[in-house]
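Worksheet: the structure to be examined is printed underneath.
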Amino acid sequence: MICGRRLQIESRAQTEFVDVTASLQAEVAASGLIEGRVFIASLHTTFGLAVNENEPLLLSDLSAALERVGPSGAEYQHDDFSRRVNVPLHEPANGHSHVRHLFLQPSLTLLVEGGRLLLGRWQSVFAVELDGPRPRELALQLDGNFEVPVRSRDRELLELELGRQLAVDAEAVELPMRRLVEAGGKRVRPVLVMICSRLGSAHDPLRAATLAAAVELIHDATLVHDDYVDEASTRRGRATVAASEGPERAIAVGDYYFAKATRVIAELGQERVSSTVARAMEMICLSQIEDVQLRGRYPGDHSGYLRVVRGKTAALIEAACVAAAQLSGASEVAVRRLARFGDKLGIAFQMADDLLDYSSQSGKPAGQDVRQRVLSLPLIYATEDGPIGTRLRRLLDSELDDEVVDEVQRLVVASGALERVADEARELIEAALEEIAESVFDPIRSDLTELARTAVDRAS
Amino acid sequence: MSEQLDVLEEDLSNLEHLWDQGLGEAFNFYRAHSEPTLALAAALVEAGCRLQGLGQAAADAGELLLGDLCLARASRLLAEGSDLERQISFATVVETVSAAAASELPSPSLRALLTVAIGTHP
Chain A
1411 MICGRRLQIE SRAQTEFVDV TASLQAEVAA SGLIEGRVFI ASLHTTFGLA VNENEPLLLS
1471 DLSAALERVG PSGAEYQHDD FSRRVNVPLH EPANGHSHVR HLFLQPSLTL LVEGGRLLLG
1531 RWQSVFAVEL DGPRPRELAL QLDGNFEVPV RSRDRELLEL ELGRQLAVDA EAVELPMRRL
1591 VEAGGKRVRP VLVMICSRLG SAHDPLRAAT LAAAVELIHD ATLVHDDYVD EASTRRGRAT
1651 VAASEGPERA IAVGDYYFAK ATRVIAELGQ ERVSSTVARA MEMICLSQIE DVQLRGRYPG
1711 DHSGYLRVVR GKTAALIEAA CVAAAQLSGA SEVAVRRLAR FGDKLGIAFQ MADDLLDYSS
1771 QSGKPAGQDV RQRVLSLPLI YATEDGPIGT RLRRLLDSEL DDEVVDEVQR LVVASGALER
1831 VADEARELIE AALEEIAESV FDPIRSDLTE LARTAVDRAS
Chain B
60 MSEQLDVLEE DLSNLEHLWD QGLGEAFNFY RAHSEPTLAL AAALVEAGCR LQGLGQAAAD
120 AGELLLGDLC LARASRLLAE GSDLERQISF ATVVETVSAA AASELPSPSL RALLTVAIGT
180 HP
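Same order as they appear, the protein sequences are chains A and B.
Its first residue numbered 1411, the first sequence is counted upward by one per residue in this note's numbering.
Its first residue numbered 60, the second sequence is counted upward by one per residue in this note's numbering.
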């Protein structure tokens, strides 16, 4: 099977190395290609491709090399419009760009293994703008063995069940929750339920969707209360319940959906499943309390971070895997393995979330975690650095206005903490995947692998 | 606080200070109608709703989180020490009072609802 896609790029400079690695990985994930190749072709004559290291000084060197190869001030017959025929209106004088293009690739082939681009540690894929800024397009063809990461039927069932569960509620609780649910979200927890529920012999998609929707409602209920605690004004691009309808309504909505989810799960009739989710809910609450307490000792340390993250994020991700496997009648050994998988995935997921606070493309304001003094591993690591750490601690003791937050962000980036956290998150994912290496996980391994790797390589 | 002997220490972990702030009194009330785990679960639901100011002025962030912990602890106690039907009854009580609070409607008496929930399956 071959799958065609297009990648749109808006270059921002005359000469620019645009790192498209993450975008290509996202296209691979979205296509469901597990093993195969990606053919990438530039659809332009002044826009090439290259694989190289994404190191800012090196990119300056490469730009300088291109300038030497095709100097912009030199004379090119291509720029003599008096001698050319059929010259389009607004044709730029860009002979130098075409010359430079000779030294780049018009197309590339990359390998895909296990649903991921096969690249070396230092390799990034660049689309190289030689005559920008302007809109550009890359054509992709993906060829190989495809597997739909989560069966589309399961995903459809999940969304239908979420809608069904909300439809029967009083408007005062339903409308704010529907706004949050319909605003999107990654659905990591319910998707895990849908995948892991396929493990046992008693797999029933409808019952799995019920559990998945309940788990998503628990997650969303925690967000409703969190947003009040954090005084957040927006969530998923929309006003939070507390901001739009007041804290009284937010508290009631959160309580309602905690209780409703508990009831819906109990109605599934499996005591082990109820216990699993109830324990996770308690862990979340304990961690939220500790999280707020630790903000007084900001930025905290690695062990405190892990303790809070295990409860705040990993507990429900682990419970989603475990409860789903229990619901389907999976073996105790498999359930225990999935528990360890979920714990590691949950921690890695939170680390990836921490990194988004330093990204301008995440959809949430950069620096928000710093402003709210939320525990964050990049900041913890950056404060361990000698001179940078001292400076950071001094800044964190002051009032966190925009200028200070910007400086904190800059120092964290300079410390190399982001790379350290990203490496740690990826290592955790690989350790999580080792938990599901046995043959019993064959039916769900590729879906879990794809979900886990996407979870730490996401841009939002 | 001798009645607390009925309750496992770990079941009150992080919530001990609430015992003299109404949790103990509520436990004694429900204990007269039921065994300790159910009585504590009911008392925790009461304490959680009260701490959060459910149906009244919103609690501050700290009390909201403590209230969440009370409700979650009650849910866990029921999941580990009771049957599914009682879990459903308790959850329905919280759904009822929180939906009323969100709708700004008068809420039925929480204690009356919980007493019924405890007695659903004697």
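Glycine is no exception: its CB is placed at the ideal position from the N, C-alpha and C atoms.
Within the 9 Å Cβ cut-off, does residue i reach chain A?
i, result
"Ile177(B)", "no"
"Ser93(B)", "no"
"Ser168(B)", "no"
"Ala117(B)", "yes"
"Leu130(B)", "yes"
"Thr96(B)", "no"
"Gln80(B)", "no"
"Arg90(B)", "no"
"Leu67(B)", "no"
"Leu77(B)", "no"
"Arg135(B)", "yes"
"Asn73(B)", "yes"
"Glu154(B)", "yes"
"Phe85(B)", "The sequence as given places Ala at residue 85(B); Phe does not occur at that position. So no, Ala85(B) is outside the interface."
"Glu139(B)", "yes"
In angstroms with no decimal places, state the Cα-to-Cα distance between residue i and residue j.
i, j, result
"Ser1433(A)", "Glu1566(A)", "25 Å"
"Ser1786(A)", "Gln1698(A)", "14 Å"
"Asn1504(A)", "Gln1487(A)", "10 Å"
"Gln1533(A)", "Val156(B)", "57 Å"
"Asp1764(A)", "Pro167(B)", "43 Å"
"Leu1716(A)", "Leu137(B)", "28 Å"
"Leu1861(A)", "Val1598(A)", "8 Å"
"His1508(A)", "Leu1766(A)", "37 Å"
"Arg1588(A)", "Ser1654(A)", "14 Å"
"Thr1650(A)", "Ile1412(A)", "42 Å"
"Gly1458(A)", "Leu1468(A)", "17 Å"
"Met60(B)", "Leu97(B)", "Low local confidence applies: a pLDDT of 47 at Met60(B) is under 50, so the model's placement there is unreliable, with the coordinate-based value given in what follows. So the alpha carbons of these two residues sit roughly 18 Å apart."
"Ile1675(A)", "Asp1833(A)", "37 Å"
"Tyr1708(A)", "Asp1640(A)", "15 Å"
"Phe1536(A)", "His1511(A)", "13 Å"
"Leu1520(A)", "Asn1555(A)", "15 Å"
"Val153(B)", "Gly1595(A)", "26 Å"
"Gly1664(A)", "Glu1848(A)", "39 Å"
Within 9 Å (strictly less), CB to CB, does residue i reach chain B?
i, result
"Cys1695(A)", "yes"
"Gln1515(A)", "no"
"Asp1402(A)", "Chain A is shown only over 1411 to 1870; residue 1402(A) falls outside these bounds and no answer can be derived."
"Arg1707(A)", "no"
"Gly1756(A)", "no"
"Ile1661(A)", "yes"
"Asp1665(A)", "yes"
"Phe1668(A)", "yes"
"Arg1689(A)", "yes"
"His1635(A)", "yes"
"Thr1672(A)", "yes"
I believe residue i touches residue j by the beta-carbon criterion, under 8 Å. Please report the beta-carbon distance rounded to the nearest angstrom.
i, j, result
"Lys1628(A)", "Ala1671(A)", "Note that residue 1628(A) is Ile in the sequence shown, not Lys. Contact holds; Cβ gap of about 5 Å."
"Leu143(B)", "Cys129(B)", "The pair is not a contact, with the Cβ atoms about 21 Å apart (cut-off 8 Å)."
"Val1583(A)", "Tyr1666(A)", "5 Å"
"Leu1552(A)", "Val1438(A)", "7 Å"
Starting from residue i, follow the alpha helix (DSSP H) in both directions and report where the run begins and ends.
i, result
"Thr1723(A)", "That residue, Thr1723(A), is in no alpha helix (DSSP H); it is neither H nor E in DSSP."
"Phe149(B)", "143-161"
"Ala1436(A)", "1431-1441"
"Ser1507(A)", "1505-1511"
"Arg1863(A)", "1852-1866"
Figure out for me which residue from the options has the closest Cα to the Cα of residue i.
i, options, result
"Ala1762(A)", "Glu1837(A), Arg1750(A), Gln1736(A), Gln1703(A)", "Glu1837(A)"
"His1390(A)", "Val1651(A), Arg1801(A), Tyr1791(A)", "Coverage of chain A is limited to positions 1411 through 1870, which leaves residue 1390(A) absent and any answer about it impossible."
"Leu1568(A)", "Glu1844(A), Val1601(A), Arg1646(A)", "Val1601(A)"
"Glu1463(A)", "Ile1450(A), Val1651(A), Gly1530(A), Val1850(A)", "Gly1530(A)"
"Asp79(B)", "Ala101(B), Ala98(B), Ala106(B)", "Ala106(B)"
"Leu1843(A)", "Val1578(A), Ile1854(A), Thr1859(A)", "Thr1859(A)"
"Ala150(B)", "Leu74(B), Leu103(B), Leu124(B)", "Leu103(B)"
"Leu1590(A)", "Cys1606(A), Glu1539(A), Leu1572(A), Val1603(A)", "Leu1572(A)"
"Gln1424(A)", "Leu1476(A), Ala1549(A), Ile1854(A), Gly1524(A)", "Leu1476(A)"
"Leu1755(A)", "Ser1738(A), Gln1736(A), Ala1730(A)", "Ala1730(A)"
"Gly1656(A)", "Tyr1638(A), Arg1645(A), Arg1673(A)", "Tyr1638(A)"
"Ser1452(A)", "Glu1485(A), Asp1489(A), Ser1482(A), Pro1545(A)", "Pro1545(A)"
"Pro1615(A)", "Asp1857(A), Arg1563(A), Val1479(A), Val1822(A)", "Arg1563(A)"
"Asp1753(A)", "Val1732(A), Ala1740(A), Glu1742(A), Leu1417(A)", "Val1732(A)"
Just curious, the beta strand (DSSP E) that residue i is in, first and last residue?
i, result
"Asn87(B)", "Element bounds for Asn87(B): not the beta strand (DSSP E) but the alpha helix (DSSP H), 82-90."
"Leu1520(A)", "1517-1523"
"Asp1553(A)", "1545-1556"
Does residue i come within less than 9 Å of chain E when only Cβ atoms are used?
i, result
"Thr174(B)", "The chain inventory of the structure shown lacks chain E, comprising the protein chains A and B."
Would the beta-carbon of residue i be found less than 8 Å away from any heavy atom of the ligand COA?
i, result
"Arg1746(A)", "The model on display carries no ligand, and the ligand COA is accordingly not part of it."
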